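Read through the structure below, which is laid out as C-alpha cells, and then see the notes.
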Amino acid sequence: VTQESAPFTTESLLESEPSLEFVKERCSGEYDIDPEVIGCEIEWAKKLASRWCVALEYIKALRKSLVKRGGGWERLEQDMETSLEDYDDVVHDLTVTPARTYLEACDIDEAHVDRTFVTIAAQAFLNNKGADRGVNLPDVRDGKTLRDIARDMRMRIYMERVGEKMTQWKNEGERMVFLKARVADIGQYAEMVSARQHVHGLTKEDFWGLWEAAVGDGHNSEKVRTFLETACNEFRLKYAAEGEVPCSKKGKKKGSRG
C-alpha cells in the first residue's frame, strides 16, 4: 500500500468530494507481499502463533482430561492436595499430548502461509487496543480479509487528504468563491446560489463568498436580489436594510473595506 495507490481528492477546492461509499467502492484492495520488506513482521507473527498454539493445545488437553475423569476443577483441586497418584492421569494426559504446528492447529493452507501471517500482523497493528479487538474480527485465513485491510489503509490515506483539503478550504474557500461569483453572469451566479434549498444551507465559505460578490455589484443588483430570494427574514433585516448593506460577515458596510 503506497501513497500513490490511494484515492486522491478532487483537484479543485470548489469541487465537492464524492460520497465515501462511492470512493471506497472504487478503492483498490490489491496488495503485494514482499518478504524482503515485511519479513520481520511475518516472522514475528509466526513466533507468536507458535507460542499460542502450544498453550492452546495444552489447555485443550487439560479440558479433555477433566471431562474424561469427571468432577471438574473441584475434584482436581482435591486430588492435588492429597497425592500425586490421585491426579497422575491428568499429568499423563498432558505429557503425551502431541505437539502440533501452527499450520495444523490453525488449519492454515501452506500455500497461503505468508498471506495469512501478513494478515495477522496487519490486523494486530490496526487493532492494537483491547477495545478494538472484538469477536467479530474477520478470519485472517480468508484472502478477502487482507484485501479489505489494504483498502481500509488506502482509505485512511484518502481521509488524511480530505482533512488537508478542508483545512485549505477554510483558509482560502471564501476568497475563491468570491472571485468565481464576482465574474459570473446572473445565470451562473443563480446556479451557485441554488446549490442548496436556501442560502443558509451553504457552507460558511460559500455563503459569505457569494454574498460579498453580490453586494460588490451594488445594493440593488440582480445578484443581491437573487441571493436574498432564499435568505431568511432576519438576514434581510440585519444585512439588507436600505443603505445598510455590509460587505462581509464582520458587519462592514459597502465601501468600508479599509
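So for the sequence shown, the numbering used here puts the first residue at 11; every next one is plus one.
For each residue, glycine too, the CB sits at the ideal point set by N, CA and C.
All figures in this text were calculated on a predicted structure; none of them were measured in a lab.
When you compare the CB positions of residue i and residue j, do they come within less than 8 Å of one another, or not?
i	j	result
A132	L156	yes
I130	A59	yes
L86	L76	yes
I69	V128	no
R125	G153	yes
L23	Q178	yes
V3	Y41	Residue coverage of the chain in this structure runs from 11 to 268, which leaves residue 3 outside it and unanswerable.
V150	E27	no
G211	V187	no
R79	D98	no
Exposed or buried, what is residue i when buried is set at 16 or more other beta-carbons lying within 10 Å of its beta-carbon?
i	result
F18	exposed
I43	exposed
G183	buried
W62	exposed
F217	buried
R246	exposed
V193	exposed
I196	exposed
A205	exposed
E215	buried
V101	exposed
R164	buried
Can you list, in chain order, the residues of its chain whose CB lies under 7 Å from that of residue i, leaving out five sequence neighbours each side?
i	result
W221	F237
R110	C63, E67
A200	T236
I48	V128
R166	none
Excluding sequence positions up to five away, which residues of its chain have a Cβ less than 8 Å from the Cβ of residue i?
i	result
A71	D103, L104, T107
Y168	A16, P17, F18, T19, V33, C37
G82	L76
Short of 6 Å in beta carbon distance, which residues of its chain neighbour residue i, apart from the five on each side in sequence? Order them along the chain.
i	result
D96	D89
D227	K233
G39	R157, A160, R161
K175	T19
T240	H208, V209
* **4 or more residues per run - each alpha helix (DSSP H) lying fully within the segment 187-221** => 196-203
| Ordered list of alpha helix (DSSP H) runs contained in the segment 25-83, each at least 4 residues | 30-36, 45-79
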